[in-house]
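Asker: Keeping their order, the protein sequence lines are chains A and B. The first sequence begins at 0 in numbering that gives the first Met the number 0 and counts up by one. The second sequence begins at 0 in numbering that gives the first Met the number 0 and counts up by one. From the three backbone atoms N, C-alpha and C, an ideal C-beta is built for every residue, glycine too. Since we're looking at a predicted model, the values are computed, not measured.
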Amino acid sequence: MTVQGPELHRAGVGLTGEPEGAGVSATPSLQFGRRVRRLFAYPTTGPLVALVVIFVVFSAGTSTFLNAGNMSLIAQQSVVIGTLALGQTLIILVSGIDLADGAIMVLGTVVAGSYASHASPLIAMALGLLACVGAAAANGVVIAWFRLPPFIATLGMYTIIAAGARLYTDSRSFPIDSDLLSALGSGPDLGAFTATYGMILWVVLTLVLGYALNETAWGVRVYAIGNSPAAARLNGVNVTRVVFSVYAVAGVFYAFAAWQALGRTPIADPSGYQIANLDSITAVVIGGTSLFGGRGGVAGTFIGTLIVVALKNGLTQAGIDSLYQEIATGVLVMLAVGADQYLGRGQRA
Amino acid sequence: MTEVLVATPDLAMQARGLTKRYGHVVAMQEADFDLARGEILAVVGDNGAGKSTLIKALSGALIPDAGEVYLEGQPIQFATPLAARLAGVETVYQELAVATQLDIAQNMFLGREKRKSGLFGAVFRQLDKKGMRRQATEHMQTLGIRVQSIRQAVETLSGGQRQAVAVARAAAWGRKVVILDEPTAALGVRETTQVLELIRRVRDQGLSVVLISHSMPEVFAIADRIHIHRLGRRAAVVNPTTTAMSDVVAVMTGALRPDQVASALPH
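1) Apart from the five residues just before and just after T136 of chain B, which ones in its own chain have a Cβ nearer than 6 Å to its Cβ?
2) Quick one: any contact between the region 41–59 of chain A and the region 296–305 of chain A, if contact means 3 or more CB pairs under 8 Å?
3) Could you check if Q267 of chain B is buried or exposed, using at least 16 other CB atoms within 10 Å of its CB as the buried criterion?
4) For L334 of chain A, report the span of its beta strand (DSSP E) as first-last.
5) The beta strand (DSSP E) with Y167 of chain A in it runs from where to where?
6) Give the range of the alpha helix (DSSP H) segment to which F32 of chain B is assigned.
7) Check for me: the beta strand (DSSP E) holding E67 of chain B runs from which residue to which?
8) Determine, for R36 of chain B, whether the minimum Cβ-Cβ distance to residues of chain A falls below 7 Å.
9) I want to see whether chain B comes within less than 7 Å of N349 of chain A, judged by CB atoms only; does it?
10) What does DSSP give as the partner residue(s) for T90 of chain B in the beta ladder?
11) Please state the DSSP three-state secondary structure of F192 of chain A.
12) Our contact map puts G66 of chain B next to A78 of chain B with C-beta atoms below 8 Å; I'd like the distance itself, whole angstroms only.
13) Any residues in the region 216–228 of chain A with a beta carbon nearer than 9 Å to a beta carbon of chain B? Which ones, in chain order?
14) Closer than 8 Å by C-beta to I144 of chain B: which residues in its own chain qualify, once you throw out the five before and the five after it? Chain order, please.
15) Among the candidates B:V247, B:R232, B:P239 and B:Q259, whose CA atom is the shortest distance from the CA of L17 of chain B?
16) Leaving out five residues on either side along the sequence, give the residues of the same chain with a beta carbon under 7 Å from the beta carbon of R199 of chain B.
17) Using 8 Å as the threshold, is the region 116–132 of chain B in touch with the region 248–262 of chain A, meaning 3 or more CB pairs across them?
18) What's the gap between the Cα of Q87 of chain A and the Cα of T61 of chain A?
19) List the residues of chain A that E112 of chain B touches, going by C-beta distances under 7 Å, in chain order.
20) Does the beta carbon of Y92 of chain B sit closer than 7 Å to a beta carbon anywhere in chain A?
21) Near T328 of chain A, what residues of its chain come up, given a Cβ to Cβ distance below 8 Å and the 5 sequence neighbours on each side ignored?
22) Do E89 of chain B and A185 of chain B have their CB atoms nearer than 7 Å?
23) Name the residues in the region 231–243 of chain A whose C-beta lies less than 8 Å from a C-beta of chain B; which are they?
24) Is F77 of chain B helix, strand or coil when you go by DSSP?
25) Let me see if you follow: with CB-CB separation under 7 Å, is Q73 of chain B close to chain A or not?
26) Check whether the region 311–327 of chain A and the region 197–214 of chain A touch, using three or more Cβ-Cβ pairs below 8 Å as the test.
27) Based on the DSSP output, what are the partners of D102 of chain B in its beta bridges?
28) Quick test of the definition: if touching needs 3 or more C-beta pairs under 8 Å, does the region 172–184 of chain A touch the region 155–163 of chain A?
29) Can you tell me the Cβ-Cβ gap for R36 of chain B and W172 of chain B, rounded? I've got them flagged as a contact below 8 Å.
30) So, does the region 288–297 of chain A touch the region 221–230 of chain A, judging by three or more C-beta pairs under 8 Å?
31) Pull the bridge partners of M12 of chain B from the DSSP assignment, please.
32) Which partner residues does G44 of chain B have in the DSSP bridge list?
33) Check whether the region 265–275 of chain A and the region 190–198 of chain A touch, using three or more Cβ-Cβ pairs below 8 Å as the test.
34) Can a CB atom of chain B be found closer than 7 Å to the CB of G22 of chain A?
35) So what's T205 of chain A in DSSP terms, helix, strand or just coil?
36) Output the distance between the C-alpha atoms of T193 of chain A and Q75 of chain A, rounded to the nearest integer angstrom.
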């Protein structure tokens, strides 16, 4: 019923009529019980358990899953969708959705790729970043100021940007030979485990966004808006401005995802990553962030990404057809959304 | 028709001649309003009498077409609810007033979060969570609101406790006036009593309280004065200790003319 830690605060006398001092002097074993309950009330516990189960099952079921090389592969396969999903998490936390994130990322890769051949890689990168943030901010303007439903607004943006990227490139792809642009795909070998710079960047970005969401006023307001925009507005939160900032900041993460993508495959292809938008939403949802907004966070998304990738990787190691892998992912999404509904988290405030 | 009065500084809030039209519908017609310092003024009226319009005009949620509002004798014009809040006028709306998934301390400081001092606050914009929790706890204690933990999500609280959090937040930030729009509408009997008790404590701290309510027994239990609103304007102000409940209802519905109420207060 109550969630409380040892650092319990309590106040005053009798508005609720409960006995004075209730719940203060718990025995250590009681406190342990509470801690366990608190742990399971924590939104990332479910996804974490799922990830552990996947690792245990595939480690026991196949001989090729559990080794340093494959672990490194799983992490490398995670970075693009994982970075994209960080931006998606932000947007879903304010009860939005971004169907254009993959297309915006691809736009970033082709803009950077097109300039890389005749400009300095730094300029190419800056232009790629600008393209991503500009496109994402356009989403923000349309959704925050013109109040278009995020699903429709970003569906439109997805179509426009996907076509725009092809028109811009004449449907050509650009091989990347710049060391800077493809740097994230390499990194030091720790035995058989290759720790790419992209993995490190993914972890760092997760930590930075986690800090912003949990330790700053902006983060509290993001959660408050996802919870109830009306309540947030009545409390003096500038909902329009925060929602716009969420979409624009997501664009920064899409730009990092574009960099990650060039590190994974050093070719900027306007027709690549066509379902990255759905993959990113899948990772966010499986990570326990509620599509209703206001609940979840980047730790869950980090785990959710690993779940999606490790599941596909494990099923491949087990020799199962990739179409069945898609079915498994779909079932997992429905389970995650179902859990969100039936655990009462889907209730609107 | 309405003479422009010289504002009275010893009143917390005053309004003269407030008018608001929506097309041909007149929601408020030359409405007057007086709130003394440190009192609980109940605002009653039939549905459609224009209570909400009056309250919105006082709290900055709408801009009247005509009329003046004074806060402690100073003429003011609130362009937004935020402007009213900054001037010391807090409003608790019927519902939607709390973010249910945030905890009590976060709700208390929502929109007015405190940052840490020093480098972490200035550069990394880190919130002073401990400080905010401590202040919220102290404030809840002062008002006698008992909760298990200040870190409880508001959705784990009962309806009465949620409303108590909303009222406490208004009391914490409202330096002058707290406006409560039907704070007990969704509550049971026991919770209503608790929230009314809390409203008394808010008044006893020196704040002036405007209470909009439909419940006559509640109004008579708690109000120092009763403002009766009818047809978009103030019909009468009465003292609950000398006026019968049936007379108030009769004025509200138009069955009794205000000048027929012997105990009506001059205004």
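Answerer: With the structure as the only source:
1) As a first step, residue 136 of chain B is located in the second sequence; it is residue number 137 there, counting from the start. Here the set comprises I149.
2) yes
3) With chain B running from 0 to 266 in the structure shown, residue 267 of chain B is simply not present.
4) Position 335 of the first sequence holds residue 334 of chain A. No beta strand (DSSP E) holds L334 of chain A; the alpha helix (DSSP H) holding it covers S321 to Y341.
5) Locating residue 167 of chain A in the first sequence gives position 168, counting from the first residue. First-last for Y167 of chain A: P149 to T168, but that is the alpha helix (DSSP H), not the beta strand (DSSP E).
6) Walking along the second sequence from the start, residue 32 of chain B turns up at place 33. Taken as a continuous stretch (DSSP letters only), F32 of chain B belongs to no alpha helix (DSSP H), being part of the beta strand (DSSP E) at V24 to A35.
7) The residue you call residue 67 of chain B lines up with position 68 of the second sequence. Element bounds for E67 of chain B: A65 to L70.
8) The residue given as residue 36 of chain B occupies position 37 in the second sequence. It does not; no Cβ of chain A falls within 7 Å.
9) Coverage of chain A is limited to positions 0 through 348, which leaves residue 349 of chain A absent and any answer about it impossible.
10) The residue given as residue 90 of chain B occupies position 91 in the second sequence. Note: T90 of chain B sits in a beta bridge opposite B:I178.
11) In the first sequence, residue 192 of chain A corresponds to position 193, counting from 1. The answer is strand: DSSP assigns F192 of chain A an E or B state.
12) Mapped onto the second sequence, residue 66 of chain B falls at position 67. Mapped onto the second sequence, residue 78 of chain B falls at position 79. Going by Cβ atoms, the distance from G66 of chain B to A78 of chain B rounds to 15 Å, so no, they are not a contact pair.
13) A216, W217, G218, V219, R220, Y222, A223, I224, G225, N226 and S227
14) As a first step, residue 144 of chain B is located in the second sequence; it is residue number 145 there, counting from the start. Taken in chain order, the residues that qualify are Q160, A163, V164, A167 and L197.
15) The sequence position of residue 17 of chain B within the second sequence is 18, counting from 1. The shortest C-alpha separation from L17 of chain B is found at B:R232.
16) Counting from one through the second sequence, the residue named residue 199 of chain B turns up at place 200. So the qualifying residues of the chain are I221.
17) no
18) Translated into positions along the first sequence, residue 87 of chain A becomes position 88. Translated into positions along the first sequence, residue 61 of chain A becomes position 62. Looking at the two C-alpha atoms, the distance is approximately 33 Å.
19) Along the second sequence, read from residue 1 onward, the residue named residue 112 of chain B stands at position 113. Within chain A, the residues near E112 of chain B are A216 and V219.
20) Looking up residue 92 of chain B in the second sequence gives position 93. Yes, its Cβ sits closer than 7 Å to a Cβ of chain A.
21) By one-based count along the first sequence, residue 328 of chain A stands at place 329. Closer than 8 Å at the Cβ level, and outside the excluded window around T328 of chain A, lie T281, V307, L310 and K311.
22) Against the second sequence, residue 89 of chain B aligns to sequence position 90. Against the second sequence, residue 185 of chain B aligns to sequence position 186. Going by C-beta atoms, E89 of chain B is not nearer than 7 Å to A185 of chain B.
23) A231, L233, N234, G235 and V236
24) Locating residue 77 of chain B in the second sequence gives position 78, where the first residue counts as 1. In this structure, F77 of chain B counts as coil in the three-state DSSP scheme.
25) For the purposes of this step, residue 73 of chain B is taken as the residue at position 74 of the second sequence. By this cut-off, Q73 of chain B is not an interface position.
26) no
27) Along the second sequence, one-based indexing puts residue 102 of chain B at 103. According to DSSP, D102 of chain B bridges with B:A152.
28) no
29) As a working mapping, residue 36 of chain B is identified with position 37 in the second sequence. As a working mapping, residue 172 of chain B is identified with position 173 in the second sequence. The Cβ separation is near 18 Å, so there is no contact.
30) yes
31) On the second sequence, position 13 is the one that residue 12 of chain B refers to. B:L34 and B:L70, per the DSSP bridge assignment.
32) For the purposes of this step, residue 44 of chain B is identified with residue 45 of the second sequence, where counting begins at 1. Paired residues: B:H228.
33) no
34) On the first sequence, residue 22 of chain A is found 23 positions in, with the first residue counted as 1. Only weak support exists for where G22 of chain A lies, its pLDDT of 40 falling under 50; the value from the coordinates is given anyway. At least one chain B Cβ lies under 7 Å of G22 of chain A.
35) Against the first sequence, residue 205 of chain A aligns to sequence position 206. Helix at T205 of chain A.
36) In the first sequence, the residue the question calls residue 193 of chain A occupies position 194. In the first sequence, the residue the question calls residue 75 of chain A occupies position 76. The alpha-carbon atoms of T193 of chain A and Q75 of chain A are separated by roughly 9 Å.
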